[in-house]
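A.B. asks:
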Amino acid sequence: MTYYLARRMLSFALTLFAVSIVVFAAMNVLPGDPALTILGLDATEDALAALREQLGLNAPLVTRYFLWVGHALTGDFGVSHSFGVPVSELIGERLPLTVSLALSGIVLTVVLALALGVGAAANHGKAGDWGVMFLSQIGIAIPAFWLSMLLVILFAVKLRWFPPGGFPGWGEPLDAMRSLVLPTVALALVQSAVLARVTRSSVLEVMRQDYVRTARATGFSHRRVLWLHVLPNALVPIVTIVGMQFAALVTGTIVIENVFYLPGLGRLIFQSISNRDLPTVQALVMLFAAIVVTANFVVDLVYVLIDPRLKSRA
Amino acid sequence: MIEMQSFSVSFGAGEALREASFVITPGDRLGVVGESGSGKTMLGLSLMGMAPDAAKLSGKLRIDGRDMSGASERDWQALRARKVAMIFQEPMAALNPLRRVGETLCEPLRQHLGLSRSAARARAFELFEEVGIPDPEARLEQFPHQLSGGQRQRVLIALALACDPELLIADEPTTALDANVALRITDLLVRLAKHRNMALIFVSHDLAAVARATAEIMVMYGGEIVERGPTRAVLDAPAHPYTRGLLEARPSPQSKARGPDGKRPRLTTIPGVVPQLHDLPAGCRFSGRCPVELPVCAAVRAPVCAVAADRTAACHALVSEGGA
Amino acid sequence: MTRKLPSNLLIGAVLVALVVAVALLSLVWTPHDFAQMNIRGKFAAPGAEHWLGTDQLGRDVVSQLMAAARNSMAVAFIAVLLGGSIGVALGLTASAVGGVFEEGIMRLADLGFAFPALLFAIMLAAVFGPSLSNAVLAIAFINIPIFARVTRASANQIWMREYVAAARAAGLGRFAISRDHVLPNIAAPIIVQATIEFAVAILAEAALSYLGLGAQPPAPSWGRMLSEAQTLIYLAPQLAIYPGLCIVTAVLGFGLLGDGLRDVTDPRLSRER
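Protein chains in written order, with numbering that gives the first Met the number 0: chain D, 0 to 313; chain V, 0 to 323; chain L, 0 to 272.
1. Let me know if Gln275(V) comes out buried or exposed under the rule of 16 or more other beta-carbons within 10 Å of its beta-carbon.
2. Name, please, each residue of chain D whose Cβ falls closer than 7 Å to the Cβ of Met47(V).
3. Please state whether the Cβ-Cβ distance between Ala187(D) and Gly104(D) is less than 8 Å.
4. Could you have a look at Ser20(V) and say whether DSSP puts it in helix, strand or coil?
5. Between the Cα of Leu314(D) and those of Pro182(D), Trp226(D), Thr217(D), spot the shortest distance and give me the residue it belongs to.
6. Can you pull out the residues from the region 266-280 of chain D whose beta carbon lies closer than 8 Å to at least one beta carbon of chain L?
7. Answer with buried or exposed for Tyr2(D), where buried requires no fewer than 16 other C-beta atoms within 10 angstroms of its C-beta.
8. Evaluate Phe287(D) with the Cβ neighbour count: other Cβ atoms within 10 Å of its Cβ, from every protein chain shown; 16 or more gives buried, anything less gives exposed.
9. Going by C-alpha distance, which of Asn7(L), Ile232(L), Gly172(L), Ala43(L) is nearest Leu153(D)?
10. To which residues of the same chain is Val254(D) closer than 8 Å at the C-beta, ignoring the five residues directly before and after it?
11. Quick one, which of Gly148(V), Arg79(V), Phe124(V), Leu42(V) has its alpha-carbon nearest Phe6(V)'s?
12. Taking Asp170(V) as part of the alpha helix (DSSP H), name the residues at either end of that continuous run.
13. State the Cα-Cα distance for the pair Leu23(L) and Ala68(L), rounded to the nearest angstrom.
14. Compare the beta carbon distance of Ala19(V) and Ile216(V) with 8 Å and say whether it is the shorter of the two.
15. Assign Asp306(D) to one of two classes, buried (16 or more other C-beta atoms within 10 Å of its C-beta) or exposed (fewer than that).
16. Along the beta strand (DSSP E) that carries Pro229(V), what are the first and last residues, could you check?
17. Tell me the rounded alpha-carbon separation between Val263(L) and Asn7(L).
18. Using the Cα positions of Phe296(D) and Ser191(D), report the straight-line distance between them to the nearest angstrom.
19. Leaving out five residues on either side along the sequence, give the residues of the same chain with a beta carbon under 7 Å from the beta carbon of Val318(V).
20. Compute the Euclidean distance between the alpha carbons of His111(V) and Cys162(V), then round it to the nearest angstrom.
21. Ignore the nearest five residues each way along the sequence and tell me which others in Phe259(D)'s own chain have a CB closer than 6 Å to its CB.
22. Please confirm if Tyr162(L) has its CB atom under 8 Å from at least one CB of chain D.
23. If you run the structure through DSSP and keep just helix, strand and coil, what is Val218(V)?
24. Please list, in chain order, the chain L residues whose beta carbon lies closer than 7 Å to that of Thr250(D).
25. In angstroms, rounded to a whole number, what distance separates the CA positions of Asp364(V) and Leu78(V)?
26. Return no unless some Cβ of chain L is closer than 8 Å to the Cβ of Ile105(D).
27. Counting along the chain, where does the beta strand (DSSP E) carrying Arg148(L) start and finish?
28. In chain order, which beta strand (DSSP E) runs of at least 3 residues are fully inside the region 131-186 of chain V?
29. Have a look at Leu194(D) and Ala203(L) and give me their C-alpha separation to the nearest angstrom.
30. So, helix, strand or coil for Thr43(D), using DSSP?
31. Between Ile90(D) and Ala294(D), is the Cβ-Cβ spacing less than 8 Å?
32. Tell me the rounded alpha-carbon separation between Asp265(L) and Ala137(L).
33. For a contact meaning CB atoms closer than 9 Å, what does Gln110(V) contact in chain D?
34. Please name the residues in the region 226-241 of chain L whose beta-carbon is closer than 7 Å to at least one beta-carbon of chain D, in chain order.
35. Give the DSSP-derived three-state secondary structure of Gln136(D) in the structure shown.
36. Would you mind stating whether Val274(L) and Gly86(L) have Cβ atoms separated by less than 8 Å?
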């Protein structure tokens with residue numbers, strides 16, 4: 000098991016390293032002059048030179064890369080051009096919102112998907128099964144931002160139960176949570192459509208296994224067999240998809256924050272793009288890619304917790 | 000006492016089990032033999048109330064005098080493990096891979112018998128000793144993938160015995176095991192049945208194992224019981240052409256023939272294959288493969304004839320011979 | 000003997016045919032010019048003149064939806080073709096060459112999965128400014144590792160077949176074998192994947208255009224129509240309905256068609272339904 004963990008950790012670190020190279024290269028090697036982008040076409044040559052110097056653009060690329068990574072590791076992502084404050088400060092302010100949104104989204108996704116998927120599998124071939132499959136087929140095709148708009152039309156414009164967007168700040172915890180309800184639902188509904196299908200087919204697959212028959216032959220009720228014997232065994236493929244979905248959810252927050260005007264990292268990335276604030280965009284892209292990679296790494300760790308067969312593998 | 004009377008299991012027009020009737024009482028050891036698809040497993044599952052949902056059941060099934068033909072899933076749950084228990088063919092696949100075998104074994108002890116954690120644990124230890132698992136303390140802590148095939152089958156037997164059933168159905172318990180282990184598992188089942196005064200139904204296509212394990216035998220073909228009687232007598236002088244075919248197909252003990260997988264080769268010398276459920280012959284189900292077939296066989300079901308005082312066989316040829 | 004076609008294949012084919020037909024029709028005919036503004040006729044109710052009414056600038060909604068279908072199909076087609084070709088080429092090469100090269104390509108493909116299309120589009124937009132071609136590039140990019148994986152996995156199986164051994168014995172080179180023997184035999188899984196990725200690309204284009212990283216005004220796009228409709232959500236909520244329905248129809252169509260094709264071409268892979 001130690002070997003498995005060590006291997007996974009090494010590959011995790013290597014992937015992060017490679018991702019940082021890709022991000023840095025995309026933002027720095029591609030043709031284009033950041034100083035020109037920032038100052039605009041009518042900038043004087045002197046001003047451009049001064050800004051290049053200030054941005055450290057005159058140093059060789061490799062030096063700049065290691066400076067960037069070195070600083071990033073200590074939490075220093077440079078200074079945002081447009082906000083005039085350290086990028087890390089900007090991120091720190093907005094991170095809690097994005098994290099709350101992503102976590103509540105994944106929790107709701109998993110709860111909904113397990114309930115629907117297990118329910119469908121337990122009623123295999125009956126009306127409930129078909130209903131879940133039909134809804135999830137549609138759900139997979141619905142863009143999250145459009146679903147958000149439909150939710151806004153119904154629950155904010157017509158019924159006025161929830162605000163259509165905006166965020167009052169954590170100082171008003173109740174209002175803050177209220178304003179996160181629609182975004183969370185919009186994120187989770189689409190993802191749970193995918194996960195419910197995976198859950199259903201995984202549960203059906205496990206229900207055909209001999210050990211499930213053994214459990215039934217030992218006189219346990221369907222419900223007990225389902226939750227104690229079938230579901231744990233069905234979890235491995237489910238966890239894989241949940242890991243991938245967490246990544247999708249985190250990037251999904253970029254879209255959803257823009258639909259609901261929530262001041263999180265997703266909004267920040269767009270403000271930075273329109274402000275040509277490259278250090279901020281670079282830091283945020285790196286952060287999002289790192290979250291995606293980390294989610295997949297965590298999935299590999301969870302496998303070990305679920306499946307004892309992996310533990311004993313040399 | 001468990002009693003089946005004209006019990007049938009059908010899927011649409013196909014009958015997987017046709018009008019099976021027999022009685023089994025504590026201490027009986029009954030062998031059920033036949034090729035794959037002969038209805039042996041359906042017979043076992045029916046006794047557990049575990050025939051597939053799609054199956055249509057008819058006839059009578061009484062357990063301790065209680066008619067179970069219309070019983071609900073809940074009624075059956077109360078009987079499984081406590082009255083009737085079953086072990087299956089593939090010990091490799093029949094244990095939950097994510098649970099320590101001790102947890103698996105303690106689950107029915109705690110759920111059905113209401114034992115405390117430590118009492119269940121102590122009972123599990125005893126059960127492991129009873130089924131001959133060495134070093135039970137350490138084994139209880141292990142996962143199925145850490146055990147050999149024979150040990151897993153012993154764990155499954157311990158699990159089946161956990162709630163002291165009156166009948167143990169062993170469905171091909173030795174098929175997936177190599178020959179030496181198979182022999183020991185067979186002897187273990189016989190010893191347990193005698194010691195506990197428990198009824199045993201030993202389902203197999205391995206005639207040697209059945210001969211070793213049982214006192215009575217039922218030969219099944221195409222969902223029907225074609226011959227029955229004392230095991231020794233039936234195997235020494237089979238009355239039904241199918242039973243004869245099975246015996247002739249058996250690899251001779253001298254040749255010790257083994258397939259490439261190290262197991263005994265499957266029975267292959269009866270010409271043809273077991274018919275599919277949906278195109279069973281209308282008359283005798285062995286017609287088409289039978290070496291002594293008469294014109295009447297394909298159209299009319301064979302009558303059950305008494306071959307001896309304690310033996311019957313269902314065959315037209317026996318009638319035309321005027322008995323045995 | 001006719002085999003019954005799976006219903007997802009039939010429904011998917013019908014929806015896809017509908018969307019493609021509308022996209023093609025829009026090349027030669029739309030009820031109105033989709034970009035024609037008419038401020039006095041803004042927010043017109045649906046009627047004989049404007050079947051689904053007009054938007055805030057008096058533009059005909061049906062014409063815009065039709066033109067956007069064309070745009071959506073074009074983006075998805077180019078992106079999947081571009082990314083798919085590169086991915087298939089990489090996968091075929093990896094499978095043919097093997098060894099360290101194969102390992103390297105596949106590790107690179109793994110790396111590609113760390114960048115969802117949105118992040119890649121954001122990077123491109125930050126450097127070059129937002130545009131539809133950047134969106135196409137971003138969507139094409141995420142298709143490369145997907146196709147590389149599918150191709151390599153399928154190709155590796157073909158390389159173990161006897162007719163490949165025979166071709167090698169006949170002195171054919173690795174690339175000739177890849178072209179003449181491997182590629183034709185892995186066409187089915189690649190086409191299935193392409194159909195499914197087509198659906199994903201339509202969704203991605205809509206999202207990127209919605210966020211302003213794709214189609215720029217006045218180019219017609221379902222995603223962009225939705226982002227305009229959002230600002231009018233109190234005034235004219237109906238404008239937020241139609242483009243979304245179009246997206247769902249197209250995505251559902253290609254998704255079902257892909258699932259159906261997979262069921263038909265490879266029953267082993269078909270999911271329990």
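Built from N, CA and C at the ideal position, the CB exists for glycine as well.
C.D. replies: Reading from the atomic positions:
1. The residue given as residue 275(V) occupies position 276 in the second sequence. It is exposed - the Cβ of Gln275(V) has fewer than 16 other Cβ atoms within 10 Å.
2. Walking along the second sequence from the start, residue 47(V) turns up at place 48. Chain D residues near Met47(V): Ala216.
3. In the first sequence, residue 187(D) corresponds to position 188, counting from 1. In the first sequence, residue 104(D) corresponds to position 105, counting from 1. It is a contact, given that the beta carbons lie within the stated cut-off.
4. One-based indexing of the second sequence puts residue 20(V) at position 21. Strand at Ser20(V).
5. Since the first residue shown for chain D is 0 and the last is 313, residue 314(D) is missing from the structure and cannot be characterised.
6. Ile268, Phe269, Ser271, Ile272, Arg275, Leu277, Val280
7. Within the first sequence, the letter at position 3 stands for residue 2(D). With fewer than 16 other Cβ atoms within 10 Å, it is exposed.
8. Your numbering for residue 287(D) matches position 288 in the first sequence. Result: buried.
9. If you number the first sequence from 1, residue 153(D) lands on position 154. Of Asn7(L), Ile232(L), Gly172(L), Ala43(L), the residue nearest in Cα terms is Ile232(L).
10. As a working note, residue 254(D) is residue 255 in the first sequence. Ala143, Phe144, Gly265, listed in sequence order.
11. Indexing the second sequence from 1 puts residue 6(V) at position 7. It is Leu42(V) whose Cα lies nearest to the Cα of Phe6(V).
12. Numbered from its first residue, the second sequence carries residue 170(V) at position 171. Taken as a continuous stretch (DSSP letters only), Asp170(V) belongs to no alpha helix (DSSP H), being part of the beta strand (DSSP E) at 166-170.
13. Mapped onto the third sequence, residue 23(L) falls at position 24. Mapped onto the third sequence, residue 68(L) falls at position 69. Approximately 9 Å, taken between the alpha carbons.
14. Taking the first residue of the second sequence as 1, we reach residue 19(V) at position 20. Taking the first residue of the second sequence as 1, we reach residue 216(V) at position 217. Going by C-beta atoms, Ala19(V) is not nearer than 8 Å to Ile216(V).
15. Start at 1 with the first residue of the first sequence, and residue 306(D) comes out as number 307. Answer is buried; the Cβ neighbour count reaches 16.
16. On the second sequence, residue 229(V) is found 230 positions in, with the first residue counted as 1. Start and end: 223-229.
17. To locate residue 263(L), count along the third sequence from 1; it is residue 264. To locate residue 7(L), count along the third sequence from 1; it is residue 8. Looking at the two C-alpha atoms, the distance is approximately 11 Å.
18. Here residue 296(D) refers to the residue found at position 297 of the first sequence. Here residue 191(D) refers to the residue found at position 192 of the first sequence. Cα-Cα distance, rounded: 21 Å.
19. Position 319 of the second sequence, counting from 1, holds the residue named residue 318(V). Counting only Cβ-Cβ distances below 7 Å, and skipping sequence neighbours, we find Pro302, Cys304.
20. On the second sequence, position 112 is the one that residue 111(V) refers to. On the second sequence, position 163 is the one that residue 162(V) refers to. Straight-line Cα distance between these residues: approximately 7 Å.
21. Position 260 of the first sequence, counted from the first residue, corresponds to residue 259(D). Only Gly164, Pro182 meet the Cβ criterion.
22. In the third sequence, residue 162(L) corresponds to position 163, counting from 1. No, its Cβ sits nowhere closer than 8 Å to a Cβ of chain D.
23. For the purposes of this step, residue 218(V) is taken as the residue at position 219 of the second sequence. Three-state result, Val218(V): strand.
24. In the first sequence, residue 250(D) corresponds to position 251, counting from 1. Ordered by position in chain L, the residues that pass the 7 Å Cβ test against Thr250(D) are Pro115, Leu117, Leu118.
25. Absent from the model: residue 364(V). The displayed extent of chain V is 0 to 323, so no value can be given.
26. Within the first sequence, the letter at position 106 stands for residue 105(D). Cβ-Cβ to chain L under 8 Å: no for Ile105(D).
27. In the third sequence, counting from the first residue as 1, residue 148(L) sits at position 149. Run containing Arg148(L): none in the beta strand (DSSP E); it sits in the alpha helix (DSSP H), 131-158.
28. 166-170
29. In the first sequence, residue 194(D) corresponds to position 195, counting from 1. In the third sequence, residue 203(L) corresponds to position 204, counting from 1. Their backbone Cα atoms lie some 19 Å apart in a straight line.
30. Position 44 of the first sequence, counting from 1, holds the residue named residue 43(D). Three-state result, Thr43(D): coil.
31. Within the first sequence, residue 90(D) is the residue found at index 91, counting from 1. Within the first sequence, residue 294(D) is the residue found at index 295, counting from 1. No, Cβ-Cβ distance for Ile90(D) and Ala294(D) is not below 8 Å.
32. The residue labelled residue 265(L) in the question sits at position 266 within the third sequence. The residue labelled residue 137(L) in the question sits at position 138 within the third sequence. The straight-line gap from Cα to Cα measures roughly 30 Å.
33. What you label residue 110(V) is simply residue 111 of the second sequence in a count that begins at 1. Result: Thr217, Gly218, Phe219, Arg223.
34. Gln229, Ile232, Tyr233, Pro236, Ala239
35. By one-based count along the first sequence, residue 136(D) stands at place 137. Of the three classes helix, strand and coil, the one that applies to Gln136(D) here is helix, per DSSP.
36. Residue 274(L) falls outside the range modelled here, since chain L spans only 0 to 272, and no answer is possible.
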